[in-house]
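Positions in the sequence shown are counted from 1; adding 169 to them yields the numbering used here.
Even glycine gets a Cβ: it sits at the ideal position worked out from N, Cα and C.
Structure, as structure tokens:
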Amino acid sequence: MTQIEVGCELIYQVPVQTVFLFQIEAARTQHQQVLTSNLYTNPQVTIENCQVGEDIHQMQRMVVDPCQLQVSYQATVGLSPEVDRPEQLDEWNASQLPVDVLKFLNPSRYCESDLLGRFAFQEFGQMQRGYGRVQAICDWVHGHLEYVSGSTNSSTTARDVLVQRTGVCRDFAHLAISLCRGVGIPARYVAGYAVDLQPPDFHGFMEAYLQGTWYLFDPTQLAAVAGLVRIGTGLDAADVSFATLTGNAVLLEKNVWANACSGNNTTTTNQPVAVSTA
């Protein structure tokens with residue numbers, strides 16, 4: 170088991186009563202255990218834990234009166250990933266897919282796979298099906314987009330990114346997801362923490378459904394997949410924003426970290442492997 174320490178500190182100025190919905194806690198899955206965790210606020214407010222999503226990750230709801238709010242989260246996460254040989258992982262036809270996976274073939278708010286389907290088939294439709302085709306899509310996205318902080322905003326979609334050729338982690342993931350869906354590969358967005366990510370922040374990456382399992386990919390190539398810790402999954406980033414609010418608040422400071430515990434190795438090996446922590 171690989172152990173990773175993750176956490177964040179968020180500071181908001183809250184001028185009026187505001188309802189916050191946070192998604193910052195590491196998820197619990199068959200291959201990702203939360204060994205220790207601590208979530209606290211200053212000033213102290215009531216925290217309502219809500220289970221959301223098909224992967225049952227946690228959302229925290231807080232009703233906050235006017236103040237300067239500090240939200241702090243720390244956790245030690247144990248990863249025991251399923252590791253497979255990429256050449257053994259094939260794509261499944263839609264007739265073989267579980268019903269709950271079918272929706273990840275559809276277009277969504279930020280992933281317009283219907284509009285990008287023709288382009289996806291032109292670029293990747295004739296490639297050999299399987300893990301290698303997903304990796305080729307991610308490599309194409311990495312090779313054709315420039316990572317530029319602040320180049321996109323909350324309204325930027327995969328189609329926008331394809332045209333402007335710049336973006337941040339969520340945009341790289343949205344475009345790769347759209348292209349996967351465009352050729353018939355179920356793909357979903359994953360929000361989480363990433364070891365050695367520079368600059369440190371919440372990270373957006375993706376999973377593709379192959380041979381009956383969700384496998385991790387990071388089109389930015391800014392972090393090794395063995396060092397990715399999931400918070401939650403969704404059709405796109407709209408489903409797993411780290412914070413949404415009803416009211417009025419200004420984010421003054423955000424600090425995010427993910428560090429491998431001493432003696433743990435989160436780098437990839439010389440041999441390509443497929444990693445699943447779903």
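Contact belief for residue i with residue j at Cβ below 8 Å, rounded distance in angstroms
i, j, result
"residue 327", "residue 279", "6 Å"
"residue 379", "residue 259", "7 Å"
"residue 170", "residue 192", "Their Cβ separation, rounded to whole angstroms, is 24 Å, which puts residue 170 and residue 192 out of contact at 8 Å."
"residue 199", "residue 247", "The Cβ separation is near 12 Å, so there is no contact."
Reference residue i; option with closest CA among the options
i, options, result
"residue 341", "239, 409, 372, 419", "372"
"residue 243", "285, 209, 393", "209"
"residue 398", "416, 417, 374, 412", "374"
"residue 362", "252, 276, 396, 219", "396"
"residue 424", "387, 401, 407, 370", "370"
"residue 217", "377, 194, 235", "194"
"residue 184", "426, 442, 420", "420"
"residue 313", "337, 376, 416", "337"
Inter-residue Cα distance where the pair is residue i and residue j
i, j, result
"residue 230", "residue 293", "42 Å"
"residue 255", "residue 320", "33 Å"
"residue 266", "residue 405", "20 Å"
"residue 437", "residue 187", "Residue placement at residue 437 is poorly supported in this model, since its pLDDT is 49, which falls under 50; the coordinates still yield a value, given next. Their Cα atoms are separated by approximately 43 Å."
"residue 177", "residue 295", "43 Å"
"residue 311", "residue 213", "43 Å"
"residue 182", "residue 446", "36 Å"
"residue 343", "residue 359", "10 Å"
"residue 307", "residue 286", "16 Å"
"residue 444", "residue 288", "28 Å"
"residue 324", "residue 197", "30 Å"
"residue 263", "residue 365", "37 Å"
Three-state secondary structure assigned by DSSP to residue i
i, result
"residue 354", "coil"
"residue 178", "strand"
"residue 400", "strand"
"residue 242", "strand"
"residue 297", "coil"
"residue 312", "helix"
"residue 408", "helix"
"residue 216", "coil"
"residue 304", "helix"
"residue 260", "coil"
"residue 338", "helix"
"residue 320", "coil"
"residue 195", "coil"
"residue 367", "coil"
Range covered by the alpha helix (DSSP H) that runs through residue i
i, result
"residue 287", "282 to 293"
"residue 331", "327 to 333"
Boundaries (first-last residue) of the beta strand (DSSP E) holding residue i
i, result
"residue 200", "That residue, residue 200, is in no beta strand (DSSP E); it is neither H nor E in DSSP."
"residue 120", "Past the edges of the chain, shown from 170 to 447, lies residue 120, and the structure says nothing about it."
"residue 253", "251 to 253"
"residue 273", "Counting along the chain, residue 273 falls outside any beta strand (DSSP E), and DSSP gives it neither H nor E."
"residue 417", "Here residue 417 belongs to no beta strand (DSSP E), and DSSP marks it neither H nor E."
"residue 229", "226 to 233"
"residue 389", "That residue, residue 389, is in no beta strand (DSSP E); it is neither H nor E in DSSP."
"residue 443", "443 to 445"
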